[in-house]
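K.L.:
One structure is given below, represented as structure tokens, and several questions about it will come after.
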Amino acid sequence: MSARVLDGNVVANQIREEIRPRVEAYRARHGRPPGLGIVLVGDDPASHVYVRNKVKSGMDVGFAVDLHQMPASSSLDEVLAVVDRLNRSETHDGILVQSPLPPALGDEAERVVFDAIDPAKDVDGFSPVNVGRLVQKRAVLMACTPAGIVELLDRSGIAIAGQRAVIIGRSDIVGKPMAMMLLHRDATVTLCHSKTRDLAGVAASADILVAAIGRAGFVTTDFVKPGATVVDVGMNRVDDPAVAARLFSPGSAKLEQFARKGSVLVGDVHPSVAEVAGALTPVPGGVGPLTIALLMKNTLRAAEARAGRP
Ligand code: GUN
């Protein structure tokens, strides 16, 4: 049996179509579209791809998108000055600083920069104020990837309340907010990490398993209860032929793609899990498009909330 594929592009398109008329209504009412300021520092190739997609998607739904590209040699003060300008701007409703920042800015740079973003404009939901509001179940702006996963489950008819949810990975961006969002939807939540004992055994108790570890094909069939819903947040580029051979069966489309391009994108979930899971998100085309769709939704929400402020 092969798992039902949860197509992130279909759900992301639905969300974008719902956003469009609200953007139009906002523009008609306020004489300008919602504005999104994106800050990209340095040359990380993956970040450039992500940001290009965010700019494209924002323009597609009718936002004014303003990209601030800064060299890797920028100082922390220069980055903070851009954030400060966007914080003060009347026409920027959302601010996003792409992570990771260049290592030369120091270990604390990301925290300092995210802390500096006005929580009302924090469309990533990373600021301590918005994280605190999420914990108290009164967030307006929540981290995009886990919020997108909840939308995907809801719109795919997958029940959350009363289900056992296991999350592998405790990052601030995915694992921790995912745990809160599933808890608020009445799942029984277990958050696993590198020190979890019998990780495969714990994962195999899940009705909903979320893999957000950043290791290609790490979640194998022994981690998965037959019929479980498996959400793959991983996005790993594999360029080692030995790793590709371990992941993909001879003659598979992915192995052919590897032979043609010299690399292939792989999630945290091993392809053989499709034979055990009840439903599975593909990589690419699963969680990725939803992260961007939720960024659009957050930007619109930020604009509407700011307009509603006294
Ligand atoms: N880098 C990887 N994912 C994200 C994200 O969701 N937001 C930002 N700002 N940077 C990222």
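Residue numbers for the sequence shown follow the numbering used here, so the first one is 15 and each next one is one higher.
Each residue gets a CB set at the ideal place from its N, CA and C atoms; glycine is no exception.
Owing to the predicted nature of the structure, the values given are computational and were not obtained by experimental measurement.
Keeping to the same chain, check which residues put their C-beta closer than 7 Å to that of Met194; ignore five residues upstream and five downstream.
P.N.:
Leu148 and Val149
K.L.:
Is Val290 helix, strand or coil when you go by DSSP?
P.N.:
coil
K.L.:
Is the beta carbon of Ile187 within less than 7 Å of some heavy atom of the ligand GUN?
P.N.:
yes
K.L.:
Measure the Cβ-Cβ separation of Pro35 and Thr313 and say whether it is below 8 Å.
P.N.:
no
K.L.:
Less than 7 Å separating the Cβ of Val111 from some heavy atom of the ligand ATP?
P.N.:
Because the ligand ATP does not appear in the structure shown, any question about it cannot be addressed here, the ligands present being the ligand GUN.
K.L.:
One question on the structure: do Ala307 and Gly108 come within less than 8 Å of each other, judged by their Cβ atoms?
P.N.:
no
K.L.:
Over the uninterrupted alpha helix (DSSP H) stretch that includes Val252, give me the two end residues.
P.N.:
Not the alpha helix (DSSP H): Val252 falls in the beta strand (DSSP E), residues Asn250 to Val252.
K.L.:
Looking at Thr105 and the ligand GUN, is the gap between the Cβ and the nearest heavy atom below 7 Å?
P.N.:
no
K.L.:
In chain order, what are the residue ranges of uninterrupted beta strand (DSSP E) at least 3 long that sit wholly in the stretch 204 to 239?
P.N.:
222 to 225
K.L.:
What does a CB cutoff of less than 7 Å around Val257 pick up in its chain, not counting 5 residues either side in sequence?
P.N.:
Closer than 7 Å at the Cβ level, and outside the excluded window around Val257, lie Ala230.
K.L.:
Let me know if Ala175 comes out buried or exposed under the rule of 16 or more other beta-carbons within 10 Å of its beta-carbon.
P.N.:
exposed
K.L.:
For Ala214 and Ser16, I'd like the C-alpha separation in whole angstroms.
P.N.:
21 Å
K.L.:
One question on the structure: do Val203 and Leu197 come within less than 8 Å of each other, judged by their Cβ atoms?
P.N.:
Between Val203 and Leu197, the C-beta spacing is below 8 Å.
K.L.:
How many Å lie between Ser87 and Pro264 at the Cα?
P.N.:
45 Å
K.L.:
Quick one: what does DSSP say Leu81 is sitting in, helix, strand or coil?
P.N.:
strand
K.L.:
Quick check on DSSP: helix, strand or coil for Ile29?
P.N.:
DSSP places Ile29 in helix when its eight states are reduced to three.
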